[in-house]
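The structure under discussion appears below in the form of structure tokens.
Residue numbers (this note's numbering), protein chains in the order written: chain A, 2 to 389; chain B, 2 to 389; chain C, 2 to 389; chain D, 2 to 389.
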């Protein structure tokens, strides 16, 4: 097809498992449904298992493969690095990428600890690159609608955040120990993996958290080892973590995270109660937002079940007609489009990092999680969250 | 009608407001839909506002009225005393009634503090009377079903209790200060009023609580005084209280209580997650129980929406055919029937108090609430609950 | 209690089974929760099984019993007759009662056929008595709210009524043949029993039906006989009946009735779609009304889940505080209160029959059902409904 | 990437509007998430508006464009033709494609009338090409699960199908007349557009329809003309169509289709009731299936809310982990994968057309719709559906 082509932006991806697929799909779909400032070029995919990596690259159209991430980052023709690796590999790669002047699109959880998080932010800011942290739920149309209703004053002063992120994959006692159940690679259990998402949404919709109490629990302490058949090992991270939070704006919050909520596969839910209204959302029913308004006449008040697929709802108009729902992976497509636009904005001279959540949010979340760990180690007493 | 009549049991009621009505209806309906061991006779109603009291007695068929509760308790012809008074009046009246040999049917919250609670239990046990504490949700058919499923092992070892009791009547800043917002009369805010219900259900369905952390919050600290027009006073009790709990059986719990949950009028809800299944319930939809079973084939697992109106469900077969729901007040009717049977069991020589929840449960709840108050005053750190 | 008593109205009830209980409860509760113009006196209960009848009267407080309904109607001290009998006994008793000058409170379905219905109405009108037909769902607060929203123009011109009344008790092939499965006693199957309710609500909320098509179906044609153990007989009435309707105001309707909807115990549901909004309701969740409004801003449109337990909702304020639901039998209490007030209005000179639905509605429904039968016998072609 | 490539299959697409996008996405995504027998090559896109077509092709990666569909079909290098055109253009193009030996992937509604439908099927069968009719809802995992439960006997003998396909875009009186509101281009209104989908699902899940009654209605009869600003024209097709059906297996059905269901954007729903269980589904919540089983113990029966995202559910395991929902467009991806496999099966010698629904289903649906039209013109009396 002869057609005036957009400028291209060369992407390298580190990682080719679950998140490698989700991110690749994000890049691949972004120009089909959106009109971002650049056409992303899937230049090189990097991983350690060459056979798998080759199949992955072939399937998704990555032009080249590479098994050494440092060589990827050294390449002059790479504009942006997409980090789809396990948590413990984020800091080293993200810092190196930023220092090499690459824009960074980083999967969550951000980092192993607050120190890493701060180093990552410092590197990105020093390098002046675009930095993005992929808490993808912010780009779900129904969640954006929640934010718009709050910003418009429809909820009033917020009194309560009641959140939970519940999974159930550890209810099975035969589920083996992998990187997600080891402290060195995952930092913590659901507190890190699920809690970081929940805290990001709380930050996005309510604001800063001043203080936190956290209770952790282990239900099954020994499991088969994934990498040593017949042997068992200790589960090093918590099975569940419950947080209670005080927000800077006076709201009170609760966040429950667990991998033992039988019957809940990926239930990420929040309820928000304010002086003028209320909101509720659940990732398992992600296209809908529940909205209650005190402004409705008394006889006609009730939670409205809004199907956020109208033309006026963010992102979703680019997909299908009203009433046609979107799924899990669409948030990654939205993120890819916004990231590409952010690079353009940066090149056009934006002083601030032109996309959120970014590495500042990563640090902000890490401060909360760090305080939660301190609380969990101190009889769950309330602990102040470090200020920015 | 010439008909062989049952033996009668003479009831006196103290209090004639909201709970006076609900209890009177319980006594009045109990012989129409159930076959309790006694026919309750609505002998005397006691209150301080004589005009209101007279109207109340006329409406409900209380034979006599009395404005001095001590004279009621002194009467030889009274078999049982129904305490439908504000919390701060429970201990004195209940103890006096027990000492006078009256069986006691007591509204919740049980007492102002643990000392009162223990004194009430001691008096009832010493007197050998039947004692009942009206946490009425235990007699909702769907809640009884939850208990039966747990007892039958359908849920397995319980890992999580996620509870909330949410109301919204204090969102209105013009709502005045009445006895429920004063420490001397109510002891605490939603922690006491709603939390006692939630803890009772947690006790009933999960078991003893070993330790607790509690966070309280005040959103509006000054309000008009109900009894001094034009003047304002301080709200003495918390607006919301969030608890995290460790159960003796290893489960982890959360209980959220508030009067600021806009859009929730009387939402008393719990989720229970165990190794074999899960349950969820909501008082605003009280005839239904959600039940998830790992025993279902994998492709057909999902929360079952059980309408607990079948002949095999407790209590409800006495009302209407399947599919015909019951309402809020029915739990009081069930309690009245069970209380009458308990008196018969006692007279027949039962060693134990033959009904639950009773004053032992009142003490058990008071110990948890007491520990919650200590926690709330100690940076929300975890506090051990006193043992029985 | 010395108290100024209301004037009394003496009631006689014919029938003492399911409806006898529901009606007795209605009379008993009405003065406890409402303030009707009269205090109803449960004077005499009439039935043929004397032992059962005696127990029934004892339980509910009917002062006397009688086994011959004609003797009841002849009594001068009876003001109103409550007909809680099977359908085929309605006409004779209602006409005799009216002719004797008794006000009539009649259970549904109204009559065996249109001729009976018209005779009943003529008798009641000639006698000038109050006549009421107990389609109780009209007195469910959420249904009244639906009517108020329609009257206020919130739904706009109505285009669609989509209704269903689904039960499942005949799915069991061992369910025996009783009066409800015989043409002589029941006239028809779900068309009559459930369809009359559904049509009454359609009349109440949409208006007159001009024409109708009906399709009937029999799934199980032979069953055990209830009154002849070991023998089987033919099911004489349809198992399911589906109606399509044209309303006088231009709306199109569908009404599905069946006793074979496995999983639905008593699901009576409607959806209404108009130019400005929409409504949906389900008897199994009877305290709630779903309301959609085009007037909401586009981004915040959704069906509102209204819990109709607020002070501003009809009837329900007389029961409990907001958020406390009522059950199936409450509609009978509301009907009893309104009937007593209607008698007072009549005595005060009301020209019109001061309560609805009444025998005119009974005739109106019978005309629709009659046309439905004609259609069912004519390849389901559309048949005009006779005009009033 | 050096990688062993699959054999390629060259696709041509006719049409580039809504369905052109949905189909293009289907082809593009199919090899990323599935492993079909061929790699589809997006060879040529055909349409009449060259500028739009060029943009479309550029966005989706169609290698060439063409404005004359006959030239596309004449090309030797095209293996399969994807017909994403308005209904009235299906027959001519599909027949020509089949005659040219191209496999045909055809959007619904199949044809303007039964004659066209039969000609299309005859052409495809004579040519021996693969033919597929895109009733995409059959490839929704929850719908496939419904079929599997029925096939496994979990529902028992089916008594009822209660279906509806409700949209609301015509509630706005300013919506103009376009091809969908003209008889020559659309054949009929929602009967054709929505009813064909509903009937296809009924065929898939229940079986053949023997006879049908249909009622049509027009609410707004005149609208602005899309192609003549300022002028108005007559709406030539019905606004709503209600069908009642008799299935060959004895089930009774209802299907309601409308474009006037305010508040419903794309609600395609069915309820199935059988002797052993029941099912319910709604496209607006397409990842879930409601399943009721009589085999559950009586106290624990209820509709199970199955989130069909488990590894054992069809198609969905190729996407994301359990609990991560998919959206509207995924059914097109599933169809594309199955179509490619069908071509391989055909080349391998399959005697039967190796994919459903196909043109035989198109004829089967057309027969039902044809009978519905006859009924609608004959006072809605029941009309026999022509046999195959």
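Each residue gets a CB set at the ideal place from its N, CA and C atoms; glycine is no exception.
List, from N- to C-terminal side, the beta strand (DSSP E) runs of 3 residues or more that fit wholly inside the stretch 120 to 168 of chain B. 132 to 134 and 159 to 167
For a contact meaning CB atoms closer than 9 Å, what does residue 139(A) contact in chain C? Within 9 Å Cβ-Cβ: nothing; residue 139(A) doesn't reach chain C, min ~17 Å.
Same chain only: Cβ atoms within 6 Å of residue 40(A), ignoring 5 sequence neighbours per side: 7, 9 and 32
What residues match up with residue 82(C) in a beta bridge as DSSP calls it? 13(C) and 105(C)
Can you look up residue 42(D) in the DSSP assignment and give me helix, strand or coil? strand
What are the residues of the stretch 310 to 335 of chain A that lie near chain C, defined by any Cβ-Cβ distance shorter than 7 Å? 311, 313 and 314
Name the chain D residues that come within less than 9 Å of residue 32(A), Cβ to Cβ? 60
Relative to the alpha-carbon of residue 180(C), which residue among 44(C), 88(C) and 29(C) has its alpha-carbon at the smallest distance? 88(C)
Among residues of its own chain, excluding the 5 on either side of residue 375(C), which ones have a beta-carbon nearer than 8 Å to its beta-carbon? If we look at residue 375(C) and ignore the five residues flanking it on each side, its Cβ neighbours are 384.
Nearest-angstrom Cα distance between residue 239(A) and residue 285(B)? 34 Å
Taking DSSP as the reference, what is the three-state secondary structure of residue 284(B)? helix
If you draw a straight line from the alpha carbon of residue 291(C) to that of residue 273(C), how long is it in whole angstroms? 10 Å
Exposure of residue 348(B), with buried meaning 16 or more beta-carbon neighbours within 10 Å: exposed
From 362(B), 379(B), 220(B) and 371(B), pick the residue whose C-alpha is nearest to that of residue 139(B); which is it? 362(B)
Can you find a C-beta in chain C that's less than 9 Å from the C-beta of residue 154(A)? no
Cβ of residue 52(D) within 9 Å of Cβ of residue 43(D)? With respect to the 9 Å criterion, residue 52(D) and residue 43(D) are not classified as neighbours on the basis of their beta carbons.
Under 8 Å Cβ-Cβ, which residues of chain D neighbour residue 267(A)? Think of a sphere of 8 Å around the beta carbon of residue 267(A): the chain D residues whose beta carbon falls inside it are 322, 323, 324 and 325, in chain order.
Delimiting residues of the alpha helix (DSSP H) encompassing residue 94(B): Counting along the chain, the alpha helix (DSSP H) containing residue 94(B) begins and ends at 91 to 100.
Out of 253(C), 213(C) and 308(C), which has the shortest C-alpha to C-alpha gap to residue 242(C)? 213(C)
What does the alpha-carbon distance come out to for the pair residue 55(C) and residue 225(C)? 30 Å
Helix, strand or coil: which one does DSSP assign to residue 191(B)? helix
Please name the residue, chosen from 98(C), 137(C), 136(C) and 135(C), that lies closest to residue 120(C) on a Cα-to-Cα basis. 98(C)
Whole runs of the beta strand (DSSP E) within the stretch 246 to 300 of chain D, excluding any shorter than 3 residues: With a minimum length of 3 residues, the continuous beta strand (DSSP E) runs that stay inside the stretch 246 to 300 of chain D are 253 to 259, 268 to 275, 278 to 283 and 289 to 294.
Out of 244(B), 122(B) and 344(B), which has the shortest C-alpha to C-alpha gap to residue 210(B)? 244(B)
What are the start and end residues of the alpha helix (DSSP H) that includes residue 339(A)? Note, residue 339(A): alpha helix (DSSP H), 331 to 348.
Do residue 227(B) and residue 298(B) have their CB atoms nearer than 9 Å? no
Could you give the distance in angstroms between the alpha-carbon of residue 1(B) and the alpha-carbon of residue 147(D)? A query on residue 1(B) cannot be resolved here, the shown segment of chain B reaching from 2 to 389 and no further.
Would you kindly check if the distance between the Cβ of residue 144(B) and the Cβ of residue 246(B) is under 9 Å? Cβ distance not < 9 Å, so residue 246(B) and residue 144(B) don't count as in contact.
Assign residue 250(A) to buried or exposed, taking buried as 16 or more other Cβ atoms, counted over all protein chains shown, within 10 Å of its Cβ. Label assigned to residue 250(A): exposed.
Residue-chain proximity (residue 272(A), chain D), Cβ-Cβ < 9 Å: no
Using the DSSP secondary-structure output, state which residues sit across from residue 244(D) in a beta bridge. 215(D) and 256(D)
With distance defined between alpha-carbon atoms, name the residue in 218(D), 165(D) and 129(D) nearest to residue 353(D). 129(D)
Could you tell me if the beta carbon of residue 157(C) falls within a distance shorter than 8 Å of some heavy atom in the ligand ADP? This structure simply doesn't include the ligand ADP, nor any ligand for that matter.
Would residue 300(A) pass as an interface residue toward chain C - the criterion being a Cβ-Cβ separation below 9 Å? yes
Determine whether the Cβ of residue 261(B) lies closer than 9 Å to any Cβ atom of chain A. Yes, residue 261(B) counts as interfacial toward chain A.
What residues from the stretch 277 to 304 of chain D come within 9 Å of chain A, judged by C-beta to C-beta, listed N to C? 284, 285, 286, 287, 288 and 289
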